[in-house]
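*Asks:* Quick one: this structure, given as structure tokens, is what I'll be asking you about.
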Amino acid sequence: MTGAGCSTARSPLPIEAGPLPRSPAPASTPAESSAATQTGGAGTTNPDGTCREDGQPLRASEPPLATLPSPGQMPAGSRMAMIARGRGYLRVGIATDAPPAGLMNWRTLRLEGFDVGIARAVAAAIFGSADVDDHIQFHAVTTSEREDLLRSNMVDMLVATMTITCERKRQVRFSSPYYESTLRLLVRQDAGIGGLPDLAGRPVCTSAGSTASAKLARLPAPAPRLVTRTRIADCLVALQYGAVDAIVGDDVLLAGLAAQDPYTVVLGPQAFGPAFAAGGRLDEPYGIAMPITGDAAGDDGFVSFVNGVLRQIMLDGTWSQLYDEWLRPGLRMPGRPPIASVLS
12 MTGAGCSTAR
22 SPLPIEAGPL
32 PRSPAPASTP
42 AESSAATQTG
52 GAGTTNPDGT
62 CREDGQPLRA
72 SEPPLATLPS
82 PGQMPAGSRM
92 AMIARGRGYL
102 RVGIATDAPP
112 AGLMNWRTLR
122 LEGFDVGIAR
132 AVAAAIFGSA
142 DVDDHIQFHA
152 VTTSEREDLL
162 RSNMVDMLVA
172 TMTITCERKR
182 QVRFSSPYYE
192 STLRLLVRQD
202 AGIGGLPDLA
212 GRPVCTSAGS
222 TASAKLARLP
232 APAPRLVTRT
242 RIADCLVALQ
252 YGAVDAIVGD
262 DVLLAGLAAQ
272 DPYTVVLGPQ
282 AFGPAFAAGG
292 RLDEPYGIAM
302 PITGDAAGDD
312 GFVSFVNGVL
322 RQIMLDGTWS
332 QLYDEWLRPG
342 LRMPGRPPIA
352 SVLS
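Read left to right, the sequence shown gives residues 12 to 355 (this note's numbering).
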């Protein structure tokens with residue numbers, strides 16, 4: 012596993028840190044482990060799409076707080092009070108090399124992006140909007156490191172293009188979706204590739220540990236040959252050098268890659284075909300992930316608080332401002348906040 016970077020509490024600039032310590036995942040039976048390995052988590056999902064662990068819908072989460080406490084006035088004994096008064100800063104895992112979700116602006120030495128804006132909104136709800144970056148410690152994280160970072164108790168939350176799945180819900184707590192992403196395909200414009208059928212037996216890249224890699228791995232033959240890289244940006248380099256013929260990933264991430272290479276094009280849902288798309292397999296709902304600490308009441312309260320923040324920014328226009336600034340230029344379509352998921 013590669014190392015992760017972190018910032019001080021008073022600067023968003025990630026600096027190199029040592030390798031993250033691994034901690035054991037929640038116990039599971041050999042049959043459960045085998046099912047998760049072979050299906051990418053499908054073994055934890057009921058035929059009706061609910062999660063086998065709790066019988067709840069995939070997107071189900073704790074209801075948002077009816078009324079958010081004022082910044083600086085977190086309820087005594089709550090997780091938010093511990094963060095505010097006990098530590099003084101919120102620890103957030105973020106993907107710093109995944110524009111437009113998360114990136115470092117090296118001119119201003121400030122983290123930017125849609126996910127970064129979501130994280131700042133949560134911090135502002137705890138500490139207030141003035142000098143909010145003084146109260147955030149960002150940790151750079153790759154896709155394959157995300158669960159380990161949470162289980163190691165190095166962050167309070169991850170806002171890192173993390174798709175909610177039933178398998179992941181066994182290991183971490185999720186907010187309601189803050190963005191409804193979908194899978195897409197990135198190819199070179201002159202490659203003559205129209206979809207997955209054209210890629211049978213050919214190398215297709217995605218990031219290690221992603222839901223896209225799990226979905227590709229269980230495609231029946233004839234199927235593309237799966238290639239994984241630590242970062243989705245590494246897949247673009249592989250495509251440019253001819254080592255792979257396509258990249259599969261979330262619409263947000265592929266829009267960011269396409270913006271870096273004008274000779275590529277993003278193909279829509281039709282590229283996967285109706286069989287792949289059946290049952291919502293193109294859906295990639297992003298959730299804020301939080302650790303399971305053993306304090307169930309504290310975990311529930313923190314998730315409810317975060318969901319309350321999401322509801323607030325979706326209603327007051329903050330979500331739409333972030334979308335228009337970071338996602339709309341690449342996706343080229345208006346965005347709608349998934350408010351129904353937060354209210355349910």
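Beta carbons: idealized from backbone N, C-alpha and C, even for Gly.
Model, not experiment: these values are computed from the prediction.
1. State the DSSP-derived secondary structure class of Arg339, mapped to helix, strand or coil.
2. State the beta-bridge partners of Asp294 as determined by DSSP.
3. List the endpoints of the continuous alpha helix (DSSP H) containing Val222.
4. With DSSP run on the structure shown, which of helix, strand or coil describes Asp256?
5. DSSP three-state label for Arg70, please.
6. Grouping DSSP H, G and I as helix and E and B as strand, with all else coil, what is Glu64?
7. So Phe149 is in the beta strand (DSSP E); what residue range does that whole segment cover?
8. So Leu5 and Leu196 are supposed to be a Cβ contact under 8 Å. How far apart are they, rounded?
9. Given a cut-off of 9 Å on the beta-carbon distance, is the pair Pro235 and Leu210 in contact?
10. Going by C-alpha to C-alpha distance, which of Glu123, Gly124 and His146 sits closest to Ala134?
11. Let me know the secondary structure DSSP gives Val183 once reduced to three states.
12. Can you have a look at Gln84 and say buried or exposed, based on whether 16 or more other CB atoms are within 10 angstroms of its CB?
13. Identify, in the order they occur along the chain, each residue of the same chain with its Cβ nearer than 8 Å to the Cβ of Arg157, setting aside the five sequence neighbours on each side.
14. Tell me, which residues are paired with Ile105 by DSSP?
15. List the endpoints of the continuous beta strand (DSSP E) containing Met325.
16. Buried or exposed: where does Pro111 fall if 16 or more other Cβ atoms within 10 Å of its Cβ makes it buried?
17. Note the first and the last residue of the continuous alpha helix (DSSP H) segment covering Val263.
18. If you draw a straight line from the C-alpha of Asp144 to the C-alpha of Met165, how long is it?
19. Val353 lies in the beta strand (DSSP E); which residues open and close that run?
20. Tell me whether the beta-carbon of Thr193 lies closer than 9 Å to the beta-carbon of Thr222.
21. Determine, using beta carbons only, whether Ala282 and Gly212 come nearer to each other than 9 Å.
22. Pairing CB atoms from the stretch 115-130 with CB atoms from the stretch 332-341, are three or more of them under 8 Å?
23. For Pro80 and Leu69, I'd like the C-alpha separation in whole angstroms.
24. Look at the Cβ atom of Ala136, then the Cβ atom of Phe316, and state whether they are nearer than 9 Å.
25. Nearest-angstrom Cα distance between Asp294 and Met344?
26. Straight-line CA distance for Cys405 to Leu247?
27. On the three-state DSSP scale, how would you describe Leu207?
28. Which whole-angstrom value is the C-beta distance of Tyr189 and Leu321, which I expect to be below 8 Å?
29. For Leu237, write down the residues that DSSP places opposite it in a beta bridge.
30. Check Ala171 in the structure and name its three-state DSSP category.
31. Please name the residue or residues paired with Asn116 in a DSSP beta bridge.
*Replies:* The structure says:
1. helix
2. Thr193
3. According to the sequence provided, residue 222 is Thr. The question's Val does not apply to it. Element bounds for Thr222: Thr222 to Ala228.
4. coil
5. coil
6. coil
7. Ile147 to Ala151
8. Outside the displayed range of the chain (12 to 355) lies residue 5, so it cannot be described from this structure.
9. yes
10. His146
11. strand
12. exposed
13. Gly104, Leu169, Ala171, Met173, Gly220 and Ala300
14. Ala151
15. No beta strand (DSSP E) contains Met325, which is instead part of the alpha helix (DSSP H) from Ala307 to Leu326.
16. buried
17. Asp262 to Gln271
18. 18 Å
19. Note, Val353: premise wrong, no beta strand (DSSP E); alpha helix (DSSP H) at Ile350 to Leu354.
20. no
21. no
22. yes
23. 28 Å
24. yes
25. 17 Å
26. The displayed coordinates of the chain run from 12 to 355. Any statement about residue 405 would go beyond what the structure contains.
27. helix
28. 5 Å
29. Val215
30. coil
31. Arg121
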